[in-house]
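The listed protein sequences derive, respectively, from chains A and B. Each residue of the first sequence is one higher than the last, beginning at 13 in the numbering used here. Each residue of the second sequence is one higher than the last, beginning at 1190 in the numbering used here. Glycine included, each C-beta is placed from N, C-alpha and C at the ideal position.
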Amino acid sequence: MNLAVTIPYWGQSLLRVLGGTVAVLLPAGTIVYLFLFKMMSFMQSRLGPMEAGPYGSMQLFAEVGKWLQKEDITPARADKRVFRAAPLVVLVSTFLLVAVVPFGPDAYFTQFDAGLFYMLAVSSISTLGILMAGWSSANKYSLLGGLRAAGQLIAYELPMVLSVLGVVIQAGSMNLQTIVIKQNSDSIFGWNGLGYPYIATQFVGFLVFMVSVQAELTQTPFDMPIAESELVSGYMTEYSGFRFLIFFIAEFATAGVFALIASVLFLGGWGIPFSWFGWHSVDSIDNWMNVAGPLVMVTKMMVLAGIIMWVRFSYPRFREDQLQRFAWKVLIPVSLINIMLTAIFKVAF
Amino acid sequence: MMLASDIQVAQNIGFGIIAAVMVLAAIRVVTSKNVVHAALSLIAVMAGAAAQYLLLSAEFVAVTQVLVYIGAVMVLFLFGVMLTRAKLGKDVDLDNKGAWAYGAPIALLMLGVMVYVLTKGFKDTKISVSGKGSNVGQNSLLSDKIFSSYALPFWALSFVLLAAVIGAIVLARKD
């Protein structure tokens, strides 16, 4: 499909950088305000922030301003360079993740064959940042938190990788754009009114994926690494000011990006069923889909992020051994069985 | 025959910068007095290798490099180091005395062997990476190769991994 204007390469690069920043910061801000500030408050029978702006909607700017003017403290015995680099490593992992998420037929940052594989690979970089933060703080709570985080992220990365394999088998591709197009152009038993979102057949995979995402984000009930009642704040204990802000943004931005990826893999991504408008392939999709697609994606993301936050506010924390046992003895076997059944059905039909 | 127009300037500059960073980081790995710093430098080397694979349009290998070496091996390595001897600051007995005396010749020998093998094996072969007919970087091609002509080595490799897993269990279990 040809767009009406030709944008030079530098312009495209600039647009990608801007788009990436928006795609990381906007979900983070929305999730924090809508869910962390408001939904959690309502669930606890209070109003949440009300002073800054109508219904406290400007609260985020106040918070960011507060953090930016706080003193940037590095502990005297800390390993200064590693300590300062750690939050950035975590944030970079988030930015790298958003690079492969497709938002529309032409509205993507990059797309290539190994897209899904890439997403799984770069999501593990944040573990590195957390380990760096925990070790360099020269604080035993931080170190314990960092080690707990690493152990947990390693354990839950496996079910996450295995749970998406069912989708790969069904779509026959690891390209996220191809997965979206497949879901919207296929039909369920000849009926194409809804396309064929893979949640219909990969519901087990979807569940395992969302549980693993919850653990990868270290959200309650998987928040052993920052268990505030025993470890102060885990690997984030010594951070203050804008470095803490970066950790905070990365946490919620990653929640948003994982929700986006889950919607791409299981809920049909940016697409609306192609049969509604008589589209038959990527090239016949109307141009307005590049504007509608991101909106569809954001809607699905808010639903999934809402579920992540809902679970976070509802359940108590897992103990460390329960957490590990759940990953190795429940999630991994279930996702392995899911892969086997999907492969059998793929060959049989 | 290599023509001047065949030389990809941007790619070569990229290669040069990444290679320089990799060499510096590799030197830091062996000269650093802190074991965690050495490991972090090693990560920089691995990331550089992944970037070089990307320049060669071998994106699958590049992503595998990130997933396996940075995401798994180095994280486990750091995890182990921090769990056992997570010392901040300088570690005096980290370096072996006189390691340079035999380390440097071995490194030079490796360099010689690799340059010889690469120039002999590829000569001036060029891989076409652009255009519609090119299938460089296609995952299906790679998987077809692995599961057909390279199936036996692939299975043999998985047995090596199985042996490692069993070995780990034997070492870890005390009863």
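- [ ] Quick one: give me the first and last residue of the alpha helix (DSSP H) that residue 1337 of chain B is part of.
- [x] For residue 1337 of chain B, there is no enclosing alpha helix (DSSP H), as DSSP gives it neither H nor E.
TODO: Could you tell me whether the Cβ atoms of residue 247 of chain A and residue 145 of chain A are closer together than 7 Å?
DONE: yes
- [ ] Tell me whether residue 354 of chain A is buried or exposed, calling it buried when 16 or more other Cβ atoms sit within 10 Å of its Cβ.
- [x] buried
Open item on the list: According to DSSP, simplified to helix, strand and coil, what is residue 200 of chain A?
Closed with: strand
TODO: Give every residue of the same chain whose Cβ lies closer than 6 Å to the Cβ of residue 233 of chain A, excluding the five residues on either side of it in the sequence, and list them in chain order.
DONE: 327, 329 and 330
- [ ] Using a Cβ-Cβ cut-off of 7 Å, state whether residue 1271 of chain B counts as contacting chain A.
- [x] yes
TODO: Please list the residues of the stretch 132-151 of chain A that have a C-beta atom closer than 9 Å to any C-beta atom in chain C, keeping them in chain order.
DONE: Going by chain labels, chain C is absent from the structure shown, which instead holds the protein chains A and B.
Open item on the list: Which of the three DSSP states is assigned to residue 120 of chain A in this structure?
Closed with: strand
Task: Span separating the alpha-carbon of residue 1218 of chain B from that of residue 78 of chain A - done: 40 Å
Open item on the list: Within 7 Å of any Cβ in chain A, is that where the Cβ of residue 1260 of chain B sits?
Closed with: yes
Open item on the list: Please list the terminal residues of the continuous alpha helix (DSSP H) segment that includes residue 350 of chain A.
Closed with: 344-360
TODO: Would you mind working out which of A/18, A/140 and A/117 sits nearest residue 298 of chain A, comparing C-alpha positions?
DONE: A/117
Open item on the list: By the DSSP assignment, the alpha helix (DSSP H) with residue 1201 of chain B in it spans what residues?
Closed with: 1198-1220
Task: Where residue 238 of chain A meets chain B, residues with beta-carbon distance less than 9 Å - done: Residues of chain B passing the Cβ test: none, with the nearest at roughly 17 Å.
TODO: Please go through the same chain and pick out, in chain order, the residues whose beta-carbon is closer than 6 Å to the beta-carbon of residue 264 of chain A, but skip the five residues on each side of it.
DONE: If we look at residue 264 of chain A and ignore the five residues flanking it on each side, its Cβ neighbours are 40, 43 and 44.
Open item on the list: At the level of alpha carbons, what is the spacing between residue 85 of chain A and residue 226 of chain A?
Closed with: 30 Å
TODO: Could you work out which residues of chain B lie near residue 186 of chain A, taking near to mean beta carbons separated by less than 7 Å?
DONE: 1328
TODO: Thinking residue 209 of chain A and residue 143 of chain A are a contact (beta carbons under 8 Å), I'd like their distance in whole angstroms, please.
DONE: With a contact defined as Cβ atoms closer than 8 Å, residue 209 of chain A and residue 143 of chain A miss out at about 37 Å.
TODO: Kindly say whether residue 1252 of chain B, judged by its beta-carbon, lies nearer than 7 Å to any beta-carbon of chain A.
DONE: Interface residue, yes.
Task: Cβ-based neighbour list, residue 192 of chain A, same chain, cut-off 8 Å, excluding 5 preceding and 5 following - done: 114, 276, 280, 281, 282 and 283
Open item on the list: If you reduce the DSSP assignment to three classes, tell me which class residue 1322 of chain B lands in.
Closed with: Residue placement at residue 1322 of chain B cannot be trusted, given a pLDDT of 47 that sits under 50; what the coordinates show is reported in the next sentence. Three-state DSSP puts residue 1322 of chain B in coil, outside helix and strand.
Task: Range covered by the alpha helix (DSSP H) that runs through residue 273 of chain A - done: 253-278
Open item on the list: Taking 8 Å as the cut-off, does the stretch 211-221 of chain A touch the stretch 148-166 of chain A (at least 3 CB pairs, one atom from each stretch)?
Closed with: no
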